[in-house]
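Engineer: Residue numbers (the working numbering), protein chains in the order written: chain A, 1 to 420; chain B, 421 to 609.
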Amino acid sequence: MAVNDTLAGTHKIIQEAREQQHNQLVPTVNDFNQELTTLNLGPTHPATHGIFQNILQMDGERIVSGVPTIGYIHRAFEKIAERRPLYQITPLTDRMNYCSSPINNMGWHMTVEKLLGITVPKRAQYMRVIMMELARIVDHLICNSILGVDTGAFTGFLYVFQEREKVYEIYEEVCGARLTTNMGRIGGMERDFSPVALEKLRKWVKEFPAVMREFQSMFDRNRIFMDRTQYVGGITAEKALNYGFTGPNLRAAGVDYDVRAMNPYSSYEDFDFEIPVGTNGDTYDRYLVRNEEIWQSLRIIEQALENLPEGPYHADAPHYYLPPKQAVYKNMEALIYHFKIIMGEIEAPVGEVYHSVEGGNGELGFYLISDGGRTPYRLHFRRPCFIYYQAYSEMVVGQSLSDAIVTLSSMNVIAGELDA
Amino acid sequence: MAEPNEESAAAQAAAVAEEDPAKLSNNRVLTNLHQMFGEDAFTDVEEPYGLLTATTTRERIHEIIEALQAEQEMQFHFLTTMCGIHYPDHEGKELGMIYHLHSLVNNVRLRLKIFFPISDPVVPTLTDLYATANWMEREAYDFFGIIFPGHPNLIRILNVEDMDYHPMRKEYPLEDGTREDKTDLFFGR
Numbered sequence: 001m002a003v004n005d006t007l008a009g010t011h012k013i014i015q016e017a018r019e020q021q022h023n024q025l026v027p028t029v030n031d032f033n034q035e036l037t038t039l040n041l042g043p044t045h046p047a048t049h050g051i052f053q054n055i056l057q058m059d060g061e062r063i064v065s066g067v068p069t070i071g072y073i074h075r076a077f078e079k080i081a082e083r084r085p086l087y088q089i090t091p092l093t094d095r096m097n098y099c100s101s102p103i104n105n106m107g108w109h110m111t112v113e114k115l116l117g118i119t120v121p122k123r124a125q126y127m128r129v130i131m132m133e134l135a136r137i138v139d140h141l142i143c144n145s146i147l148g149v150d151t152g153a154f155t156g157f158l159y160v161f162q163e164r165e166k167v168y169e170i171y172e173e174v175c176g177a178r179l180t181t182n183m184g185r186i187g188g189m190e191r192d193f194s195p196v197a198l199e200k201l202r203k204w205v206k207e208f209p210a211v212m213r214e215f216q217s218m219f220d221r222n223r224i225f226m227d228r229t230q231y232v233g234g235i236t237a238e239k240a241l242n243y244g245f246t247g248p249n250l251r252a253a254g255v256d257y258d259v260r261a262m263n264p265y266s267s268y269e270d271f272d273f274e275i276p277v278g279t280n281g282d283t284y285d286r287y288l289v290r291n292e293e294i295w296q297s298l299r300i301i302e303q304a305l306e307n308l309p310e311g312p313y314h315a316d317a318p319h320y321y322l323p324p325k326q327a328v329y330k331n332m333e334a335l336i337y338h339f340k341i342i343m344g345e346i347e348a349p350v351g352e353v354y355h356s357v358e359g360g361n362g363e364l365g366f367y368l369i370s371d372g373g374r375t376p377y378r379l380h381f382r383r384p385c386f387i388y389y390q391a392y393s394e395m396v397v398g399q400s401l402s403d404a405i406v407t408l409s410s411m412n413v414i415a416g417e418l419d420a
Numbered sequence: 421m422a423e424p425n426e427e428s429a430a431a432q433a434a435a436v437a438e439e440d441p442a443k444l445s446n447n448r449v450l451t452n453l454h455q456m457f458g459e460d461a462f463t464d465v466e467e468p469y470g471l472l473t474a475t476t477t478r479e480r481i482h483e484i485i486e487a488l489q490a491e492q493e494m495q496f497h498f499l500t501t502m503c504g505i506h507y508p509d510h511e512g513k514e515l516g517m518i519y520h521l522h523s524l525v526n527n528v529r530l531r532l533k534i535f536f537p538i539s540d541p542v543v544p545t546l547t548d549l550y551a552t553a554n555w556m557e558r559e560a561y562d563f564f565g566i567i568f569p570g571h572p573n574l575i576r577i578l579n580v581e582d583m584d585y586h587p588m589r590k591e592y593p594l595e596d597g598t599r600e601d602k603t604d605l606f607f608g609r
């Protein structure tokens with residue numbers, strides 16, 4: 001990152017000073033023969049952003065070891081999915097990462113389309129790209145602003161929450177729902193963008209950069225924010241890969257792995273965007289990478305809006321694409337297919353498919369094994385949060401409790417995705 | 421098992437037609453695998469939707485993945501995911517583990533499978549190779565009762581500790597099997 005390059009020298013000095021401070025001020029166990037304190041960070045603590053417990057062994061302010069415990073809101077999605085027709089699994093997926101549910105939905109729809117061999121028309125693909133990038137922006141925004149809250153800056157959170165509100169208004173215009181969206185269908189989108197939705201979208205894309213710049217000017221070079229986040233909760237690239245990190249957390253460590261670029265889906269190959277990477281893999285880099293990704297997502301949305309192709313917004317797949325409700329009232333065929341799809345009467349072909357999309361937190365994978373029945377034989381979600389949260393206890397060892405808080409919020413662990 | 425759809429079949433045909441020597445293709449990976457571990461190490465080699473899939477044995481899985489991780493050309497450094505599976509009708513091979521490996525350098529994915537009897541659900545752990553395997557193995561233990569000797573902390577992860585069964589096995593159907601007011605004939609049940 002450019003900011004990092006210019007500040008590399010300063011970083012070193014800060015780091016050395018911090019280490020010195022640690023060594024001088026924090027007595028080790030051996031020095032005083034003290035007992036360690038056991039501290040339960042969570043399960044329900046405002047700073048844990050959900051339900052996860054960390055049993056920390058503390059030596060004064062410093063963390064000696066930590067054991068993360070999860071599973072408090074486990075809802076057995078993989079098991080439930082084995083009893084549901086493919087179409088009805090959609091609402092399970094958007095309850096995983098509820099900060100960016102369209103990405104989860106459409107990732108699932110693309111998995112099913114891969115299994116069924118449905119080709120989605122270009123317009124639907126571009127519409128999906130727009131909605132997925134919007135979701136990514138909101139996801140990153142909330143993550144970064146909550147990081148601000150955890151360092152004591154509440155204002156930035158309020159600023160960008162208004163922007164999230166506007167994005168949710170766009171969702172509402174597109175599909176009627178806000179949090180658990182239902183705009184996607186197997187085979188395309190539920191309906192075309194209405195003129196109002198397009199207008200709102202264009203307006204937001206035009207107005208948002210100013211807010212984003214203001215938000216960044218509040219944090220990027222803020223002395224307190226930098227002191228709280230630089231060299232905090234860092235992880236090396238090798239470690240991150242070994243731990244299965246993906247998404248902004250991996251890219252902050254310097255690995256430019258992005259599913260959108262490596263295995264393009266839904267026409268991502270048509271768009272021009274960069275993959276921002278960090279250098280240290282610390283909290284500050286994760287923050288910067290997320291910010292930069294927001295700008296890249298905006299670029300993608302602008303390109304998609306500009307080149308939005310004409311044509312149908314869904315594939316001609318009557319066995320899987322839910323017919324429009326108006327047609328169901330008047331058209332016998334539509335009624336039959338509507339019934340069959342809703343009741344899950346249509347069998348999926350035999351096959352196994354792995355499809356992954358770049359979710360808000362990294363590679364969100366769907367591994368679907370179908371034995372030819374109406375429901376998946378086995379469905380496994382590769383949830384990025386579940387995979388990288390296990391590194392958390394290692395990342396915070398040797399740091400202070402306040403560092404552990406900002407590390408947790410910068411990793412963007414979403415409880416719904418963690419426990420699924 | 422699966423018929424690849426038209427699009428991926430076309431892509432595969434194109435890939436065969438203009439094989440780039442610098443690019444690692446599924447064929448090359450398979451050839452390398454056969455060279456490294458012998459032809460008989462892999463059975464059921466398929467390419468569903470372009471992802472190379474092979475079945476091996478649990479005696480060899482650790483050795484194979486360790487060699488793949490260290491191998492210079494292919495560099496399967498990334499364990500994308502691993503999960504268990506239960507086929508109650510396959511006698512002697514009821515349980516399985518499925519590994520998804522990813523070579524980020526070459527952008528090639530590989531799926532490996534092993535199957536073993538439910539009476540002896542023991543699989544070597546991968547935690548010494550990939551730190552990320554830790555929780556995935558705990559999840560497989562939690563859901564399917566697969567035991568990984570050598571795992572540092574093999575306890576349930578998502579379910580409560582005092583559960584005495586492994587809920588993702590097929591003998592635990594989701595709905596109450598004793599209910600008679602519903603028939604399986606309709607409504608996808």
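Just so it is clear, CB atoms sit at the ideal spot from N, CA and C, and this is done for glycine as well.
Taking the alpha-carbon positions, what's the Ala415 (chain A) to Gly244 (chain A) distance?
Structural biologist: Roughly 18 Å between the two C-alpha positions.
Engineer: Which residues, taken in chain order from the segment 527–553 of chain B, show a beta carbon closer than 8 Å to some beta carbon of chain A?
Structural biologist: Within the segment 527–553 of chain B, the residues whose Cβ lies closer than 8 Å to some Cβ of chain A are Asn527, Arg529, Arg531, Tyr550, Ala551, Thr552, listed in chain order.
Engineer: Quick check on the burial criterion: 16 or more other C-beta atoms within 10 angstroms. Buried or exposed for Gly187 (chain A)?
Structural biologist: Gly187 (chain A) comes out buried.
Engineer: Can the beta-carbon of Phe339 (chain A) be found less than 9 Å from the beta-carbon of Val353 (chain A)?
Structural biologist: Not in contact: Phe339 (chain A) and Val353 (chain A) (Cβ atoms no closer than 9 Å).
Engineer: Output the distance between the C-alpha atoms of Gly281 (chain A) and Val232 (chain A), rounded to the nearest integer angstrom.
Structural biologist: Those two C-alpha atoms are separated by around 9 Å.
Engineer: Going along chain B in order, which residues have a C-beta closer than 7 Å to the C-beta of Met262 (chain A)?
Structural biologist: Those are Asn527, listed as they occur along chain B.
Engineer: For the segment 494–505 of chain B, enumerate the residues whose C-beta is nearer than 7 Å to any C-beta of chain A, in chain order.
Structural biologist: Here the close residues are His497, Phe498, Leu499, Thr500, Thr501, Cys503, Ile505.
Engineer: Could you check if Gln489 (chain B) is buried or exposed, using at least 16 other CB atoms within 10 Å of its CB as the buried criterion?
Structural biologist: Label assigned to Gln489 (chain B): buried.
Engineer: Kindly list the residues whose CB is nearer than 8 Å to the CB of Met1 (chain A), restricted to its own chain and excluding five residues on each side of it in sequence; keep chain order.
Structural biologist: Here the model assigns Met1 (chain A) a pLDDT of 45, short of 50, so the residue's position is not dependable, and the following value carries that caveat. Pro276, Val277, Gly278, Thr279, Asp285, Leu288, Val289, Glu292.
Engineer: Mind checking the segment 234–246 of chain A against chain B and listing, in chain order, the residues whose C-beta falls within less than 8 Å of any C-beta there?
Structural biologist: The segment 234–246 of chain A vs chain B, Cβ under 8 Å: Lys239, Leu241, Asn242, Tyr243, Gly244.
Engineer: Helix or strand or just coil, what does DSSP make of Met421 (chain B)?
Structural biologist: At Met421 (chain B) the pLDDT is 41, less than 50, meaning the model places this residue with poor confidence; the figure from the coordinates comes in the next sentence. Met421 (chain B): coil per DSSP, three-state reduction.
Engineer: Residues of chain B with CB under 8 Å from Asp419 (chain A), in chain order?
Structural biologist: In chain order: Leu578.
Engineer: Taking 9 Å as the threshold (beta carbon to beta carbon), is Glu467 (chain B) in contact with chain A?
Structural biologist: So no, Glu467 (chain B) is outside the interface.
Engineer: For the beta strand (DSSP E) that Thr545 (chain B) lies in, which residues bound it at each end?
Structural biologist: That residue, Thr545 (chain B), is in no beta strand (DSSP E); it is neither H nor E in DSSP.
Engineer: How far does the beta strand (DSSP E) with Met183 (chain A) in it extend, from its first residue to its last?
Structural biologist: Met183 (chain A) -> no beta strand (DSSP E), and no H or E assigned at all.
Engineer: What are the boundary residues of the alpha helix (DSSP H) that Gly247 (chain A) is part of?
Structural biologist: That run of the alpha helix (DSSP H) goes 247–252.
Engineer: Could you check what DSSP says for Met583 (chain B) in three-state terms: helix, strand or coil?
Structural biologist: In this structure, Met583 (chain B) counts as coil in the three-state DSSP scheme.
Engineer: What alpha helix (DSSP H) runs, 4 residues minimum, are completely inside the segment 458–523 of chain B?
Structural biologist: The segment 458–523 of chain B contains these whole alpha helix (DSSP H) runs: 478–490.
Engineer: Run down chain B in chain order and give the residues with a C-beta less than 8 Å from the C-beta of Gln390 (chain A).
Structural biologist: Under the 8 Å cutoff, chain B gives Ala551, Thr552, Asn554, Trp555.
Engineer: With DSSP as the reference, label Gly351 (chain A) as helix, strand or coil.
Structural biologist: Note: Gly351 (chain A) maps to strand in three-state DSSP.
Engineer: Thinking just about the alpha-carbon of each residue, which of A:Ser100, A:Ala76, A:Glu310 is nearest to the one in Ile89 (chain A)?
Structural biologist: Closest option to Ile89 (chain A), Cα to Cα, is A:Ala76.
Engineer: Would you verify that the beta carbon of Gly50 (chain A) is, or is not, closer than 9 Å to some beta carbon of chain B?
Structural biologist: No - not a single Cβ of chain B is within 9 Å of the one on Gly50 (chain A).
Engineer: Chain B partners of Tyr257 (chain A), CB-CB under 7 Å?
Structural biologist: The answer, in chain order, is Leu524.
Engineer: How would you write the range of the beta strand (DSSP E) that Gln390 (chain A) sits in, first residue to last?
Structural biologist: Premise fails: Gln390 (chain A) is in no beta strand (DSSP E) and is neither H nor E.
Engineer: For Pro102 (chain A), which three-state DSSP category applies?
Structural biologist: Three-state DSSP puts Pro102 (chain A) in a helix.
Engineer: Check the Cβ-Cβ distances between Thr476 (chain B) and every residue of chain A, and say whether any is below 9 Å.
Structural biologist: Not an interface residue.
Engineer: Reducing DSSP to helix, strand and coil, say where Tyr72 (chain A) ends up.
Structural biologist: It is coil, neither helix nor strand.
Engineer: How big is the Cα-Cα spacing for Glu172 (chain A) and Tyr87 (chain A)?
Structural biologist: Their Cα atoms are separated by approximately 21 Å.
Engineer: Could you check if Gly184 (chain A) is buried or exposed, using at least 16 other CB atoms within 10 Å of its CB as the buried criterion?
Structural biologist: Buried: at least 16 other Cβ atoms inside 10 Å.
Engineer: For Leu36 (chain A) and Ile63 (chain A), I'd like the C-alpha separation in whole angstroms.
Structural biologist: So the two alpha carbons sit approximately 10 Å from each other.
Engineer: Taking its Cβ as the centre, do 16 or more other Cβ atoms sit within 10 Å of Ala197 (chain A), making it buried, or is it exposed?
Structural biologist: Ala197 (chain A) is buried by the Cβ-count criterion.
Engineer: Quick check on the DSSP output: the alpha helix (DSSP H) that includes Thr44 (chain A) runs from which residue to which?
Structural biologist: Where Thr44 (chain A) is concerned, there is no enclosing alpha helix (DSSP H), given that its DSSP letter is neither H nor E.
Engineer: Per the contact definition of three or more C-beta pairs closer than 8 Å, is the segment 396–404 of chain A in contact with the segment 53–73 of chain A?
Structural biologist: Enough Cβ pairs lie closer than 8 Å, so yes.
Engineer: Report all residues from its chain with a CB closer than 8 Å to the CB of Arg529 (chain B); omit the five preceding and five following residues, and keep chain order.
Structural biologist: Leu471, Leu472, Thr500, His520, Leu521, His522, Ser523, listed in sequence order.
Engineer: Among A:Lys200, A:Ala237, A:Pro121, which has the Cα closest to the Cα of Met189 (chain A)?
Structural biologist: Of A:Lys200, A:Ala237, A:Pro121, the residue nearest in Cα terms is A:Pro121.
Engineer: Have a look at the DSSP bridge pairing and note the partners of Thr93 (chain A).
Structural biologist: For Thr93 (chain A), which the question treats as bridged, DSSP gives no partner whatsoever.
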